[in-house]
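What follows is one structure encoded as structure tokens, with my remarks underneath.
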Amino acid sequence: MNILKRLGRSFLGLSSAVQESLSINYMTLSFTGEFSSLEKEFHEDYFRKSINPFRFSIILAMIFYGAFAFLDAVMVPELKEVFWLIRFGAVFPVFITVFIFSFSTLFKKYMQLIISFIMFTTGFGIIIMIIYAARVEVYSYYAGLILIFIFGYTFIRARFLYASIAGWSIVISYEISAVWVSQTPVTILVNNNYFFISANIIGMFISYFLELSARKEFYMRVLLEQEKENVKTANDALEKRVLERTKQLSNANIDLKKEIDIRQKFERERAELEKQLFQLQKMETIGTLAGGIAHDFNNILTPILGYTDMALEELPEESNLRFDIEQINSAATRGKDLVQQILTFSREVDFKKKPIRIQPIIAEVLNLIKASLPPNVEIKQSLDPGIGSVFADPTQIHQVLMNLCTNANHAMMKTGGVLEVILDSVLVDKKTEEKITNLKKGEYIRLIISDTGYGMDIKTKERIFEPFFTRKEVGSGSGLGLSVVHGIITNYGGAIVVDSTPNKGTSFTIYLPKVGSDPSGSEKSARKLLKGDEQILFVDDEPEITFMGKKMLENLGYKVTIKSDSISALEEFKNEPAKYSLLVTDQNMPKIEGTELAFRMKGIKPELKVIIITGYSDNLSDEILTRIGISEVILKPLRLDDFSKTIRRVLDNNNIKTD
């Protein structure tokens, strides 16, 4: 059934949308499900389109069936009277009767049965001739059955099911007559069967696809009619709406002179919103590109950090190699942090968010930055101590503050000035919501960081959130700072607004959604390698990562099987599903993605635990993870201590204990 379905869709070139919507029994070709009501309409439509070709086919069949009487006189002159009696005395009356009956109102109801009857009758007439011809050792009349199949399966407009029944009835009748009645020689019987059974099967396929094509064309016409009706309804609604709007505009024109100032203000606000929307779309496009680059870079960093982590665990403190390995690990860690910034910008990474107070983070950042400030820069701060908390990651908030304060420092490095930090809470109303993109009504914590430096012109202000855009000298900055800030704040459901005037200074205003009461504290877990002895299947299309994963897990005591091909991994699991307690798989792989691989394996062994590793959390929604039964998702690059804790937490059903 699936083969017929795929062949039918491939043959017809059905679009994916039509494939999903069209419901057909691909054996009988009848409409099923919600489309079963179309079956009667299709029969009516098929009859209307078939009746004239059917009548023409009857006339054509009579001509050909009668024309072969000349062949009778040549091939079997001693039997020509018998054959002519069959042709003109038995079959022709059937043709004529059916042709006349086709003009009756009752014909529509029995058309397909009659077509099957004609097909079988003409074929049976040929079979009788074959029996008689065999008596004089003439065995070529079987070819007439092939012509019957051509007419029956194509010209005469028989539907697939009826034509197939008639065709196989002819085949069975021939076999009975050839074997038991005329006792046809075996070699001739085999030869004849090859040709006319092949012709029957080919005819079935032709009839199948002809009817399938007719049904598809009918279905598309039904859809088209529905769409036309929908368009008409939409046009009517649009015309009504246009009339209403026209009336409103006519009424508004009376007071148009009074509305000039309001309209001008509206145009300015609209232009600002369009500019913000364009900037947002541009940031989203660049973010997608940045996420892809970060994914590939993470695959490079994973084996570097993995092997150096393992080397540092194994090397003694006094080893001469330890310093070199630490430098490699440190450089790779800086690369990992850079990737985190890129992923933050592209909003492809999830951090551990929790309710936090911003005041302590501000104090920490200002203390850190004081050492780098020139003496002519003054710090002012106004922090409301009772504003509550925000739901965020402390590291990211620290990163936002450091970026903005560092930029302010650079802006005032030569001239000096004032760095001012204000923290308070505001209630965003509808008016403010309309002015600031992505901001919704509600309570927000507002953070303002301003400086009295050289400021920015309009063109610079429009580009400051683009990645790698910077006005600093080469080597002084990566250009990722403000793009990362924008990504973090947007990811938290907040907004960032910049106001700047050349030679006067710049002010960044950040809005973050406010949550309940202040958090009580935070928990820190000690660095510790947790080990085990379970059997793990590790799958990644990068061989370097699979080898690194194998060594890393074996150092933790686990028994590991690695695969760099998802199909091979699935076959391995099918052979010994009871052997494995945990699947660790990359998400982005050719042939089968990680989630699909996990779904298939859990179909074999539902209790299998699964950890997905990925360069970035692309399309891995909570709904998908819950439905499949994914225990954890880990972002590359893998770190030995975090990896060990995650594996133990998953295998122990989240009951992990740390000292």
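Take the sequence shown: its position 42, counting from 1, is numbered 1462 in our numbering, and each next residue is one higher.
Cβ coordinates follow ideal geometry from the N, Cα and C atoms, glycine included.
Quick one, which of the options has its alpha-carbon nearest residue i's?
| i | options | result |
| --- | --- | --- |
| PRO1933 | ASP1960, GLY1862, PHE1967, ALA1598 | GLY1862 |
| LEU1533 | LYS1979, TYR1582, GLU1992 | TYR1582 |
| SER1809 | ALA1831, GLN1801, ILE1781, MET1833 | ILE1781 |
| GLU2016 | SER2001, LEU1990, PHE1476 | LEU1990 |
| ILE2033 | LYS2022, ILE2067, MET2021 | ILE2067 |
| TYR1874 | LEU1843, THR1835, LYS1529 | THR1835 |
| VAL1601 | ILE1548, LYS1636, LEU1565, MET1624 | ILE1548 |
| GLU1692 | THR1857, ALA1783, ILE1608, CYS1825 | THR1857 |
| LYS1879 | LYS1695, LEU1491, ASN1718, TYR1912 | LYS1695 |
| TYR1466 | LYS1652, VAL1917, GLU1974, ALA1578 | ALA1578 |
| VAL1848 | ILE1674, SER1618, PHE1811, TYR1931 | TYR1931 |
| LEU1950 | ALA1752, PHE1488, ASP2061 | ASP2061 |
| LYS1999 | PRO2010, SER1986, TYR1978 | TYR1978 |
| THR1705 | GLY1806, PHE1885, SER1739, LEU1643 | PHE1885 |
| LEU1803 | MET2021, LEU1867, LEU1676, TYR1628 | LEU1867 |
| VAL1917 | LEU1843, LYS1983, LYS1855 | LYS1855 |
| ASN1796 | ALA1831, LYS1773, THR1910 | ALA1831 |
| LYS1971 | LYS1774, ILE1724, SER2051 | ILE1724 |
| PHE1993 | PHE1967, GLY2023, ILE1908, ALA1731 | GLY2023 |
| THR1574 | THR1966, ASN1749, GLY1623 | GLY1623 |
| GLY1545 | VAL1514, HIS1463, SER1524 | VAL1514 |
| SER1492 | ILE1520, SER1560, THR1542, GLU1464 | The displayed chain sequence assigns Asp, not Ser, to residue 1492. For ASP1492, the nearest C-alpha among the options comes from SER1560. |
| ILE1778 | SER1739, SER2051, THR1815 | THR1815 |
| LEU1859 | PHE1571, PRO1605, LEU1697 | LEU1697 |
| ILE1909 | LYS1983, LEU1821, SER1920, LEU1735 | LEU1821 |
| GLN1701 | GLU1882, PHE1476, MET1730 | GLU1882 |
| THR1852 | ALA1915, GLY1907, PHE2019, PRO1794 | ALA1915 |
| VAL1518 | ARG1475, ALA1489, TYR1485 | ARG1475 |
| SER1593 | VAL1610, ASN1740, SER1627, GLY1543 | GLY1543 |
With DSSP as the reference, please indicate the residues paired to residue i in a beta bridge.
| i | result |
| --- | --- |
| LYS1934 | VAL1810 |
| PRO1775 | PHE1811 |
| VAL1959 | LYS1983, THR2005 |
| TYR1864 | VAL1846, PRO1933 |
| THR1926 | ASP1871, SER1920 |
| SER1802 | ILE1842 |
| GLY1486 | None; GLY1486 has no bridge partner. |
| GLY1837 | VAL1797 |
| ILE2033 | ASP2006, ILE2054 |
| ALA1915 | TYR1931 |
| ILE1444 | PHE1451 |
Report back the beta-carbon spacing between residue i and residue j to the nearest angstrom; my notes put them in contact at under 8 Å.
| i | j | result |
| --- | --- | --- |
| ASN1620 | GLY1587 | 5 Å |
| SER1927 | SER1870 | 4 Å |
| LEU1576 | ILE1535 | The sequence shown places Ile at residue 1576, not Leu. That pair is a contact at about 6 Å. |
| SER1988 | ILE2012 | Contact doesn't hold; Cβ gap of about 10 Å is too wide. |
| ILE2093 | ILE1817 | Nothing can be reported for residue 2093, as the shown portion of the chain is limited to 1421 through 2079. |
| ILE2085 | SER1597 | The chain is shown from 1421 up to 2079; residue 2085 falls before or after that span and cannot be answered. |
| LYS1409 | PHE1811 | Outside the displayed range of the chain (1421 to 2079) lies residue 1409, so it cannot be described from this structure. |
| ASN1823 | VAL1904 | 7 Å |
| ILE1956 | ASN1719 | At roughly 20 Å, the Cβ-Cβ gap does not stay under 8 Å, so ILE1956 and ASN1719 are not in contact. |
Would the beta-carbon of residue i be found less than 7 Å away from any heavy atom of the ligand FMN?
| i | result |
| --- | --- |
| LYS2022 | No copy of the ligand FMN occurs in the structure displayed, which carries no ligand at all. |
Check whether chain C comes within 8 Å of residue i, counting only Cβ atoms and requiring the distance to be less than that.
| i | result |
| --- | --- |
| VAL1785 | Among the chains in the structure shown there is no chain C, since it carries only a single protein chain. |
request  = Taking 8 Å as the threshold, find out whether the stretch 1821-1839 comes into contact with the stretch 1778-1794 through three or more Cβ pairs.
outcome  = A contact exists between the stretch 1821-1839 and the stretch 1778-1794.
task = Flag this pair as touching only if the stretch 1566-1580 and the stretch 1506-1517 have three or more C-beta atom pairs under 8 Å; answer yes or no.
result = Flag = no, the stretch 1566-1580 and the stretch 1506-1517 do not touch.
ask   = Given 8 Å as the limit, is there contact between the stretch 1960-1970 and the stretch 1999-2018, that is, 3 or more CB pairs closer than that?
value = Yes, the stretch 1960-1970 is in contact with the stretch 1999-2018.
query = Is the stretch 1462-1477 close to the stretch 1522-1538, with three or more CB pairs under 8 Å?
reply = The stretch 1462-1477, when compared against the stretch 1522-1538, does touch it at the 8 Å Cβ threshold.
request  = Mind the definition here: the stretch 1548-1560 touches the stretch 1485-1503 only if three or more C-beta pairs lie below 8 Å; say whether that holds.
outcome  = Yes: the two stretches touch, three or more of their Cβ pairs being nearer than 8 Å.
ask   = Per the contact definition of three or more C-beta pairs closer than 8 Å, is the stretch 2052-2059 in contact with the stretch 2017-2028?
value = The stretch 2017-2028 is not in contact with the stretch 2052-2059.
request  = May I ask you to verify whether the stretch 1645-1653 touches the stretch 1622-1631, counting CB pairs closer than 8 Å and requiring at least 3?
outcome  = Here the stretch 1645-1653 makes no contact with the stretch 1622-1631; the two share fewer than three CB pairs at distances below 8 Å.
inquiry  = Give the list of continuous alpha helix (DSSP H) stretches no shorter than 4 residues that lie fully inside the stretch 1618-1706.
reply    = Entirely contained in the stretch 1618-1706, not one alpha helix (DSSP H) run reaches 4 residues.
task = Return the chain-ordered ranges of every alpha helix (DSSP H) run that is complete within the stretch 1548-1615 and spans a minimum of 4 residues.
result = The stretch 1548-1615 contains, as complete alpha helix (DSSP H) runs of 4+ residues, the segments 1563-1570, 1580-1596 (chain order).
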